[in-house]
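Its first residue numbered 10, the sequence shown is counted upward by one per residue in the numbering used here.
Just so you know, even glycine gets a beta-carbon here, dropped at the ideal spot from N, CA and C.
Following: one structure in structure tokens, then a few remarks.
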Amino acid sequence: MKEQKPLSLIHKLLIIVGSSLFTAIFLSSYLIFNVIKENLWLNFKSRTEKIIEELKYAVYPTIDLLKIKKLFSELTYDPNIYYVSIYTEEGHLLYIYTNPYKKIQLINIPTKKELQSKKVILKLFTYNSSKKNKIEIFKITPFTMLTQKPEKNVISEITIPMFVKNKNTGIIKLGYIGEYLLSSLREAYVTIFSYSTIIFLLTIIFSYIFLRKHIQPINTLSAIAEKIGEGNLNISVPIFYNSYEVYRLSLRMTHMLWGLREREYIKTLFGKFIDKKLTEKILSNKDILKGKKKNVTILYIDMQDFTKFTEENSPEEVVSTLNEFFTIAVSAITKHNGIIDKFIGDAILALFGAIEEVGDEPEKAILAAKEFLKNLDEFNKKRYQQSKPEIKVGITIHIGEVIVGNIGSEEKQEYTAVGDAVNTASRMQLFNRQFNVPLLISKELVEKIDQNKFKIRFISSVSIRGKKSLVDLYTVED
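As structure tokens, then:
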């Protein structure tokens, strides 16, 4: 089943922005449209009422036909009004105006009785529509002011009695249709919709550009994090200033990359076998790695009869045994704050006090050697149960002045120790087999430890290549 990817942040934000914007535009457009609609209607109503008010005084106290014609001529410019008719108090048609731009045919004239009964009069006029050539049923509201709003293709009539000084002087009938008003509303609707659509699209486009500009750095940092996860620490992290949050993220990633590089550098120098406290000390003071002379305790562990072991066992068995052997050694050494200088075939060179010198490094080296021998004994018991040969070792510990620091080429460096003391510790290992003792320590080391803590036994004074005088060897018994 294909894993479903979640929506990207930019798409989620666009959905939120789009939804919010659409809702805001819809509500605003709705309110604006209703305001325009109401204003159009109120404007029409106001103009109509004004015309009717002036007509009342055109027929009372005397009929002023010139004023009536003048008022009617003004109606020509109002496309909403289809006709206006004036009736006398007795119900006789005094004057009728029909909009010259509208096709209206008079059918009949209401009688006084009909007017006085205030009945709704139907089929008073016919409306010849260009689309529908048929008689329309018209809405007629007798004796009311403008209350009914216009509808398309439907003529609404207002019948209003004319009272002047409480005297009924006649009746005015006004027929109107909402076609023009509705077309104005349609225009308003189209305009509002067009502008709203443009605003919506432009906002979405600019939001996308804005969000992409601010989210793209996150995608870039995500790609960089993926490459870092793959082990590429040579990549650079750009600092983005789009926003404070992205700036902090890029800055933190830069610091993280620096830290990873430093730890990788330390791993390259020491391998992964180094105490965390020592790692932090190195990171806080890089001068530690510079070459300098120091008194360092050297621990040398060598697997005896390794050549014979490789000849009698398969490569798989040799590698497996070496790995277990080194695991036991490294565990004991790092537990007592030693660092692994290097693996030399079947041997290990470890240093105590090379990075941080406390003063008890000789004792820690002895404790590491004794713990290693104890764990090796348990390892050999398991091998015995598996009918495998015993692993024998030779361990030597010496202390002396050496040069420690980063040594190597530009392509590869390692933190190591060089000097006579290192050579002495290595050459002391030749006497483990001769005296049949797994652990040998030098006189210089014995002088640096509290002898009350350990059972020290003298072994012999021997001649070591490169040393002018004899070297006194001791062992530490259980």
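Taking 8 Å as the cut-off, does the region 452-463 touch the region 382-394 (at least 3 CB pairs, one atom from each stretch)? no
Hey, could you find the ends of the beta strand (DSSP E) Ser-469 is sitting in? Position 460 of the sequence shown, counting from 1, holds the residue named residue 469. Where Ser-469 is concerned, the enclosing beta strand (DSSP E) stretches over 464-471.
Should Thr-107 be labelled buried (16 or more other beta-carbon atoms within 10 Å of its own) or exposed? Numbered from its first residue, the sequence shown carries residue 107 at position 98. With 16 or more other Cβ atoms within 10 Å, it is buried.
The beta strand (DSSP E) with Glu-66 in it runs from where to where? Within the sequence shown, residue 66 is the residue found at index 57, counting from 1. One detail in the question is off: residue 66 reads as Tyr in this sequence, not Glu. Counting along the chain, Tyr-66 falls outside any beta strand (DSSP E), and DSSP gives it neither H nor E.
How big is the Cα-Cα spacing for Tyr-91 and Gly-184? In the sequence shown, counting from the first residue as 1, residue 91 sits at position 82. In the sequence shown, counting from the first residue as 1, residue 184 sits at position 175. So the two alpha carbons sit approximately 5 Å from each other.
Best match in Ser-216, Ser-82 and His-223 for proximity to Ser-491 [C-alpha to C-alpha]: Residue 491 cannot be examined here, being either before or after the span of the chain that is shown, 10 to 487.
Pull up the CB-CB distance for Lys-303 and Val-411, whole angstroms please, since I reckon it's below 8 Å. Residue 303 sits at position 294 when you count from the first residue of the sequence shown. Residue 411 sits at position 402 when you count from the first residue of the sequence shown. With a Cβ gap of about 7 Å, Lys-303 and Val-411 count as contacting.
If you count every other CB in all the chains shown that lies within 10 Å of the CB of Val-44, and 16 or more means buried, which is it? Residue 44 sits at position 35 when you count from the first residue of the sequence shown. Counting Cβ neighbours within 10 Å, Val-44 comes out exposed, since fewer than 16 surround it.
How far does the alpha helix (DSSP H) with Glu-410 in it extend, from its first residue to its last? On the sequence shown, residue 410 is found 401 positions in, with the first residue counted as 1. That residue, Glu-410, is in no alpha helix (DSSP H); its beta strand (DSSP E) goes 402-417.
Could you please give me the residues that DSSP links to Val-44 through a beta bridge? Along the sequence shown, one-based indexing puts residue 44 at 35. In the DSSP output, where bridge partners are listed per residue, Val-44 has none listed.
Could you check which residue in Glu-333, Ile-342 and Asp-355 has the C-alpha nearest to that of Thr-319? Taking the first residue of the sequence shown as position 1, residue 319 is located at position 310. Of the candidates Glu-333, Ile-342 and Asp-355, the one whose C-alpha sits nearest the C-alpha of Thr-319 is Asp-355.
Within 10 angstroms of the Cβ of Gly-179, are there 16 or more other Cβ atoms? Answer buried if so, exposed if not. Residue 179 sits at position 170 when you count from the first residue of the sequence shown. Gly-179 comes out buried.
Taking the C-alpha atoms as reference points, what is the distance between Leu-36 and Leu-22? Taking the sequence shown and counting its residues from 1, the one referred to as residue 36 is at position 27. Taking the sequence shown and counting its residues from 1, the one referred to as residue 22 is at position 13. If you take the alpha carbons of Leu-36 and Leu-22, they lie about 21 Å apart.
Compare the beta carbon distance of Ile-41 and Ile-181 with 8 Å and say whether it is the shorter of the two. Locating residue 41 in the sequence shown gives position 32, where the first residue counts as 1. Locating residue 181 in the sequence shown gives position 172, where the first residue counts as 1. The answer is no: Cβ separation not under 8 Å.
Does DSSP classify Pro-532 as helix, strand or coil? Since the first and last residues shown for the chain are 10 and 487, residue 532 lies out of range.
Residues near Phe-81 in its chain [Cβ-Cβ closer than 7 Å; skip 5 each side]: The sequence position of residue 81 within the sequence shown is 72, counting from 1. Val-93 and Tyr-106, listed in sequence order.
First and last residue of the uninterrupted alpha helix (DSSP H) at Thr-432: Position 423 of the sequence shown, counted from the start, is the residue given in the question as residue 432. Inspection of the sequence shows that residue 432 is occupied by Asn rather than by Thr. Start and end: 429-437.
Is it right to say Pro-247 is buried, meaning 16 or more other beta carbons lie within 10 angstroms of its own, or is it exposed? Within the sequence shown, numbered from 1, the residue matching residue 247 stands at position 238. Exposed is the call here.
Terminal residues of the beta strand (DSSP E) in which Glu-486 lies: On the sequence shown, residue 486 is found 477 positions in, with the first residue counted as 1. Residues 480-486.
Whole-angstrom distance between Ile-353 and Gly-409, CA atom to CA atom: As a working mapping, residue 409 is identified with position 400 in the sequence shown. As a working mapping, residue 353 is identified with position 344 in the sequence shown. Distance between the alpha carbons of Gly-409 and Ile-353: 21 Å.
For Ser-29, count neighbouring C-beta atoms within 10 Å of its own C-beta (all shown protein chains included) and say buried if the count is 16 or more, exposed if not. Taking the first residue of the sequence shown as 1, we reach residue 29 at position 20. Exposed, since its Cβ has fewer than 16 Cβ neighbours within 10 Å.
Three CB pairs or more closer than 8 Å across the region 465-476 and the region 336-355: no
Roughly how many angstroms lie between the CA atoms of Tyr-256 and Arg-436, to the nearest whole one? Numbered from 1 along the sequence shown, position 247 holds the residue referred to as residue 256. Numbered from 1 along the sequence shown, position 427 holds the residue referred to as residue 436. Rounded to the nearest angstrom, the two C-alpha atoms are 58 Å apart.
Whole angstroms are fine: how far does the CA of Gln-443 sit from the CA of Arg-261? The residue given as residue 261 occupies position 252 in the sequence shown. The residue given as residue 443 occupies position 434 in the sequence shown. When rounded, the distance between both Cα atoms is 59 Å.
State the DSSP-derived secondary structure class of Ser-28, mapped to helix, strand or coil. Here the question's residue 28 lines up with position 19 in the sequence shown. It is helical.
Under 8 Å, do Leu-269 and Ile-237 count as touching if we go by C-beta distance? Position 260 of the sequence shown, counted from the start, is the residue given in the question as residue 269. Position 228 of the sequence shown, counted from the start, is the residue given in the question as residue 237. In contact: Leu-269 and Ile-237 (Cβ atoms closer than 8 Å).
Going straight from the alpha carbon of Phe-463 to that of Leu-449, what length do you get? Counted from its first residue, the sequence shown places residue 463 at position 454. Counted from its first residue, the sequence shown places residue 449 at position 440. The alpha-carbon atoms of Phe-463 and Leu-449 are separated by roughly 13 Å.
Flag this pair as yes or no: are the beta carbons of Lys-373 and Asn-346 separated by less than 8 Å? Position 364 of the sequence shown, counting from 1, holds the residue named residue 373. Position 337 of the sequence shown, counting from 1, holds the residue named residue 346. Yes, the Cβ-Cβ distance between Lys-373 and Asn-346 is below 8 Å.
Can you look up Lys-299 in the DSSP assignment and give me helix, strand or coil? Here residue 299 is taken as the residue at index 290 of the sequence shown, counted from 1. Coil, per DSSP.
At the level of alpha carbons, what is the spacing between His-407 and Asp-369? Within the sequence shown, residue 407 is the residue found at index 398, counting from 1. Within the sequence shown, residue 369 is the residue found at index 360, counting from 1. Distance between the alpha carbons of His-407 and Asp-369: 14 Å.
Cα-Cα, which of Tyr-424, Lys-476, Thr-405 and Glu-235 is closest to Asn-441? Position 432 of the sequence shown, counting from 1, holds the residue named residue 441. Looking at the Cα atoms, Thr-405 is the closest of the given residues.
Helix, strand or coil: how does DSSP classify Ala-356 here? Position 347 of the sequence shown, counted from the start, is the residue given in the question as residue 356. Ala-356: strand per DSSP, three-state reduction.
Considering Cα atoms alone, identify which of Glu-63, Ile-364 and Ile-61 is closest to Thr-306. For the purposes of this step, residue 306 is taken as residue 297 along the sequence shown, with counting starting at 1. Answer by Cα proximity: Ile-364.
Beta bridge counterpart(s) of Tyr-106 as assigned by DSSP: For this step, residue 106 is matched to residue 97 along the sequence shown. Answer is Val-93, bridged to Tyr-106.
Extent of the continuous alpha helix (DSSP H) run through Ile-337: Here the question's residue 337 lines up with position 328 in the sequence shown. Counting along the chain, the alpha helix (DSSP H) containing Ile-337 begins and ends at 324-344.
Could you please give the first and the last residue of the uninterrupted beta strand (DSSP E) stretch that includes Leu-449? Here the question's residue 449 lines up with position 440 in the sequence shown. From DSSP, the beta strand (DSSP E) with Leu-449 extends over 448-451.
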